[in-house]
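See structure below.
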DNA sequence: TATTGTTATACTCTATAACTATA
DNA sequence: TATAGTTATAGAGTATAACAATA
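Here it is as structure tokens:
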């Protein structure tokens with residue numbers, strides 16, 4: 560097992576996930592939720608289906624994801640101006656404040672994670688991960 | 560985001576997970592379950608708590624994990640010879656047959672995943688992943 | 001007819017707290 | 001007192017199938 564790429568990927572992912580949780584404490588937010596918030600911030604008015612496609616999850620799953628973020632006051636389902644079936648997702652003011660607080664924490668988390676890797680090694684790691692993701 | 564190690568790790572992990580599922584079809588087994596079966600095979604008589612420690616999950620979580628593997632006929636809870644509180648976990652004959660069928664599939668999956676990486680690059684990737692996992 | 005959001009349903013993975021039997 | 005397995009409970013994340021409203 561220790562020589563398998565998949566096994567090491569899994570182990571690194573678990574360690575990184577836990578460090579992320581510590582880094583963003585006391586906000587209790589997952590990497591997936593952070594990614595969704597970032598996507599909404601950078602793409603105003605995204606619909607739930609578009610967001611699901613971007614993240615690779617079903618639109619029925621996205622309902623509960625947005626429910627959670629909305630119930631915590633970070634995201635609002637605004638009416639879409641041109642399609643009455645869909646919502647235009649936006650960050651709430653509280654959501655914007657949250658993101659501004661999270662970004663430096665996530666940057667620190669990234670630094671901690673890569674602290675034993677120089678710049679070239681970080682670039683190599685990202686390149687290799689990309690090639691693995693593309694290969695499968 | 561695309562320049563973050565954590566983000567790329569997550570993306571690679573998702574792609575690899577899906578490819579794993581295809582590779583082991585029609586067995587419907589997750590990488591985590593495969594890891595548990597391998598550990599039981601390589602450590603006869605392991606207890607649930609020991610297994611949980613090895614994998615990094617709580618012993619209460621391990622109950623349901625073993626329940627599932629037992630209900631599918633792959634693992635047996637044998638009585639521990641020296642401690643009546645605990646079980647000595649073993650693969651059933653069906654579980655041994657399953658593992659023998661899975662191993663070449665998982666090897667093929669590993670090859671597919673790393674098909675665009677030469678030997679040196681694979682070793683580099685594993686080394687970098689290990690250093691990330693250790694850093695956090 | 002096709003798409004968007006939703007609900008009902010189901011399953012996996014994860015944890016904490018409290019319990020029973022045993023050490 | 002401490003440990004092993006268990007249960008109750010809770011929550012996140014994931015999916016498929018079917019439905020209403022809308023395109």
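Chains as they are written, first to last, in the working numbering: chain A, 560 to 695; chain B, 560 to 695.
No residue lacks a Cβ here, since even glycine has one placed at the ideal position from N, Cα and C.
- Only those residues of the region 675-686 of chain A whose C-beta falls short of 7 Å from the nearest C-beta of chain B are listed: 675, 676, 680, 681, 683, 684 and 685.
- Only buried fits residue 590 of chain B, as 16 or more other CB atoms lie within 10 angstroms of its CB.
- Per DSSP, residue 670 of chain A lies in no beta strand (DSSP E); the unbroken alpha helix (DSSP H) holding it starts and ends at 652-672.
- For residue 604 of chain A, no Cβ of chain B is located within less than 8 Å of the residue's own Cβ.
- Contact between the region 566-585 of chain B and the region 560-579 of chain A is present: three or more C-beta pairs spanning the two stretches fall below 8 Å.
- Classified as exposed, residue 630 of chain A has fewer than 16 neighbouring CB atoms from the shown chains inside 10 Å of its CB.
- Runs of beta strand (DSSP E) with 3 or more residues, each lying fully within the region 587-639 of chain B, are found at 634-638, listed in chain order.
- Closer than 8 Å to the CB of residue 595 of chain A there is not a single CB belonging to chain B.
- In the DSSP assignment, residue 648 of chain A is bridged to A/636.
- From the beta-carbon of residue 671 of chain A, the residues of chain B found nearer than 9 Å are 694 and 695.
- Straight across, the Cα-Cα distance linking residue 617 of chain A with residue 577 of chain B is about 15 Å.
- Less than 8 Å separates the beta-carbon of residue 633 of chain A from that of residue 650 of chain A.
- Looking at the backbone, the Cα of residue 603 of chain B and that of residue 607 of chain A are separated by about 48 Å.
- Against chain B, the beta carbon of residue 569 of chain A has neighbours under 9 Å at 572, 575, 576, 590, 591 and 594, listed in chain order.
- Proximity of chain A to residue 624 of chain B at the Cβ level (cut-off 7 Å) is not reached, the minimal Cβ distance being about 15 Å.
- Counting the other CB atoms within 10 Å of its CB gives residue 692 of chain A a total of 16 or more, which places it among the buried residues.
- Within a 10 Å sphere around the beta-carbon of residue 615 of chain A sit fewer than 16 other beta-carbons, which makes this residue exposed.
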